Amino acid sequence: MAPVNAGRGIDGHNAAMGEKIIAIHDLRRSAALVPAGASALAAGQDRLDRLGRRLGDLRISVTDRCNFRCTYCMPKEVYDTRHAFLPHASLLSFEEIARLARLFADAGVGKVRLTGGEPLLRKNLEHLVELLADLRTPAGEPLDLALTTNGSLLARKAAALRAAGLRRVTVSLDAIDDGVFRAMNDVGFAVEDVLQGIDAALAAGLGPVKVNMVVKKGANDHQVVPLAQALQRRFGTAVVLRFIEFMDVGMTNGWRLDDVLPSQDVLARLRTLGELEPLQASAEGETAERWRFTGSGQEIGLISSVTRAFCDSCTRGRLSTDGQLFLCLFGTQGHDLRALLRGGADDAAIAAAIDHVWARRGDRYSALRTAETAAARERAAQAGARRVEMHYIGG
Ligand code: SAM
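In our numbering, the protein residues as written are 1 to 395.
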């Protein structure tokens, strides 16, 4: 699959992001890659990749901008005033996103998550939610429509998002101690403001709310137990707290394996609070291993993407802010759906391209990640195969 120039700099490189973009409209002229006259599978028919994994979820990054500078995601030193975020014209419009989402729904996607960057920074996001809420799966079901947010604007927006058709919300919160949280978001944002966002989400009917804590050893791992206690006190069983192992997403967060607190250690710490029982996965391809405190009923999730990769059941495609389809959170190459949209391709051609790209998917980065691959990753980075950043591809 030879990368082609998709109008984003020489050799198909986007200077700002450092990733390579493959323009599907060019690839589609290659008989070897997309047979002439290729057409999409029927709506409702499973799309399986090379490892037999179904296309089931779509994460959509609606902006690459964020008002936080979390040290493990968008460190201030890199994302300062000199950093070039995407210009507005290169972002997919809401209508473009909704059109793609409709084609993905025909291809089997039942769950759509809006993310970023900070999705609530995108103006009138409620309008996009409305457009997506109108979509149906081939079986006639509405999409399971969710949003991941840092919570900073949630108190203001929760009711309007719910009214527009949003079903669920996940809020990131890395500590209950205000000083630790302010240091992690690195813009001095207060814990209480996020908690009020969660209050508003629950009041609007967006519950149960999931709260994500990224655990980074030495930075906030001492917050595992206090955060669980505080959320139980304030929200009871209306909030599900999930602990995410710090991942080597992108190339700018200075990831080291030593900074990862394995989920099993998180579990051991939580056991000091009371007895925990395992729960069944609630959905296919679920990332979190679920547990519940037998006493309080509080649910806990462990997302072990480093120590127990879940690539084998990964059903997620990812649409970047500027319309590149990525097949893995750790991807280095996108597939340019925006070029098709803006080049006048009809629905059938775009649907065939989505099917074609998914059918060739073989990514399982986390499953292959080992200590030895660090050197290989470094060599690949030097050769230009940089993993894309999470705020661009969507977390
Ligand atoms: N701004 C939104 C938010 O804060 O939730 C959505 C985007 S953010 C990239 C999505 C999720 O990815 C957040 O829960 C964030 O904590 C998590 N995340 C970012 N970088 C990560 C990393 N290196 N390892 C694990 N999780 C990470």
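Every residue, glycine too, gets a C-beta built ideally from N, C-alpha and C. Please read these numbers as outputs of a predicted model, since none were measured by experiment.
Residue i: CB within 6 angstroms of a non-hydrogen atom of ligand 1
| i | result |
| --- | --- |
| residue 60 | no |
| residue 254 | no |
| residue 115 | yes |
| residue 328 | no |
| residue 251 | no |
| residue 395 | yes |
| residue 214 | yes |
| residue 311 | no |
| residue 79 | no |
| residue 176 | no |
| residue 192 | no |
| residue 39 | no |
| residue 74 | no |
| residue 118 | yes |
| residue 244 | yes |
| residue 184 | no |
| residue 282 | no |
| residue 172 | yes |
Pair within 7 angstroms by beta-carbon distance, residue i and residue j
| i | j | result |
| --- | --- | --- |
| residue 93 | residue 393 | no |
| residue 326 | residue 318 | yes |
| residue 299 | residue 292 | yes |
| residue 307 | residue 186 | no |
| residue 256 | residue 330 | no |
| residue 50 | residue 362 | yes |
| residue 166 | residue 129 | yes |
| residue 96 | residue 341 | yes |
| residue 198 | residue 180 | no |
| residue 178 | residue 194 | no |
| residue 111 | residue 174 | no |
| residue 352 | residue 42 | no |
| residue 297 | residue 274 | no |
| residue 53 | residue 46 | no |
| residue 202 | residue 230 | no |
| residue 77 | residue 250 | no |
| residue 271 | residue 279 | no |
| residue 86 | residue 336 | no |
| residue 288 | residue 242 | yes |
| residue 200 | residue 155 | yes |
| residue 81 | residue 122 | no |
Beta-carbon separation (whole angstroms), residue i vs residue j, contact threshold 8 angstroms
| i | j | result |
| --- | --- | --- |
| residue 164 | residue 126 | 4 angstroms |
| residue 227 | residue 176 | 5 angstroms |
| residue 312 | residue 107 | Going by Cβ atoms, the distance from residue 312 to residue 107 rounds to 21 angstroms, so no, they are not a contact pair. |
| residue 320 | residue 334 | 6 angstroms |
| residue 146 | residue 169 | 7 angstroms |
| residue 148 | residue 395 | 6 angstroms |
| residue 172 | residue 212 | 5 angstroms |
| residue 244 | residue 303 | 4 angstroms |
| residue 44 | residue 139 | 7 angstroms |
| residue 315 | residue 284 | 7 angstroms |
| residue 135 | residue 101 | 6 angstroms |
Contact set for residue i: own chain, Cβ-Cβ below 6 angstroms, skip 5 residues either direction
| i | result |
| --- | --- |
| residue 259 | 216, 217 and 246 |
| residue 224 | 266 and 269 |
| residue 261 | 215, 217 and 221 |
| residue 232 | 296 and 298 |
| residue 66 | 74, 117, 118 and 391 |
| residue 371 | For residue 371, the predicted model reports a pLDDT of 45, less than 50, meaning its position is unreliable; a value from the coordinates is still stated below. Closer than 6 angstroms at the Cβ level, and outside the excluded window around residue 371, lies no residue. |
| residue 182 | 188 |
| residue 114 | 60, 62 and 147 |
| residue 366 | 305, 309 and 311 |
Beta-carbon proximity list for residue i, same chain, < 8 angstroms, skipping 5 on both sides
| i | result |
| --- | --- |
| residue 31 | Low per-residue confidence applies at residue 31: pLDDT is 32, beneath 50, and the placement is therefore not dependable, though the value from the model is reported in the following sentence. Contacts found: none. |
| residue 144 | 110, 111, 112, 167 and 168 |
| residue 152 | 67, 68, 118, 120, 189, 193, 194 and 197 |
| residue 206 | 158, 161, 162, 166, 167, 168 and 169 |
| residue 359 | 47, 48, 49 and 50 |
Cutoff 7 angstroms; reference residue i; Cβ partners in own chain excluding five residues on either side
| i | result |
| --- | --- |
| residue 204 | 158, 159 and 162 |
| residue 131 | 94 and 98 |
| residue 38 | 352 and 356 |
| residue 252 | 75, 78 and 389 |
| residue 328 | 363 and 365 |
| residue 234 | 195 |
Heavy atom of ligand 2 within 6 angstroms of residue i beta-carbon
| i | result |
| --- | --- |
| residue 150 | Ligands displayed in this structure: ligand 1; ligand 2 is not among them. |
7 angstroms Cβ cutoff, residue i in contact with chain B
| i | result |
| --- | --- |
| residue 352 | Given the protein chain composition of this structure (a single chain), no chain B is represented. |
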